[in-house]
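Residue numbering for the sequence shown is 11 to 106, as defined by the working numbering.
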Amino acid sequence: MSEFDLEALLGSILADLSDIASAHDGRGLASIILDYEKTLTGLFQGTLSVNFIRDTPRAYLEIYSDYEHPVLNRMVVAQEHVHLYIERNQAGGHNA
11 MSEFDLEALL
21 GSILADLSDI
31 ASAHDGRGLA
41 SIILDYEKTL
51 TGLFQGTLSV
61 NFIRDTPRAY
71 LEIYSDYEHP
81 VLNRMVVAQE
91 HVHLYIERNQ
101 AGGHNA
């Protein structure tokens with residue numbers, strides 16, 4: 011996945027999580043949303059070296075137990091691609 015596509019995916023997940031939080035009076039998602047914001051900031055700045063969104067799908071399920079929500083699958087994909095992005099950059103690879 012390209013860096014541009016990863017940014018778009020993270021942005022769409024962040025928007026969905028914000029919508030879910032609003033619908034539930036913000037209950038429980040603040041730390042997950044913050045992790046996505048930190049990840050996007052690090053990606054934009056080229057400084058991302060920690061996978062802040064690792065295990066966020068599990069954290070989401072602990073809060074809502076909503077296994078059917080489409081955002082969940084995208085969260086799994088995003089955490090995997092953030093991991094690959096970090097590995098690639100630590101190995102001296104390119105961002106593409």
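Virtual Cβ for every residue (Gly too), placed ideally from N, Cα, C.
Because the structure is a prediction, the values reported are computed rather than measured.
- The three-state secondary structure of Met-11, taken from DSSP, is coil.
- When C-alpha distances from Asp-35 are compared across Asp-65, Leu-19, Tyr-74, Phe-54, the shortest belongs to Tyr-74.
- With contacts defined as CB atoms closer than 9 Å, His-91 and Leu-24 fail to qualify as a contacting pair.
- Around the beta carbon of Val-81, 16 or more other beta carbons lie within 10 angstroms, which makes this residue buried.
- Scanning Tyr-70, Val-60, Glu-78, Asn-83 for the CA closest to the CA of Gln-100 turns up Val-60.
- Shortest Cα-Cα distance from Ala-40 to any of Thr-49, Ser-28, Ala-33, Thr-51 involves Ser-28.
- Burial state of Thr-51 is exposed, judged by a 10 Å Cβ sphere holding fewer than 16 other Cβ atoms.
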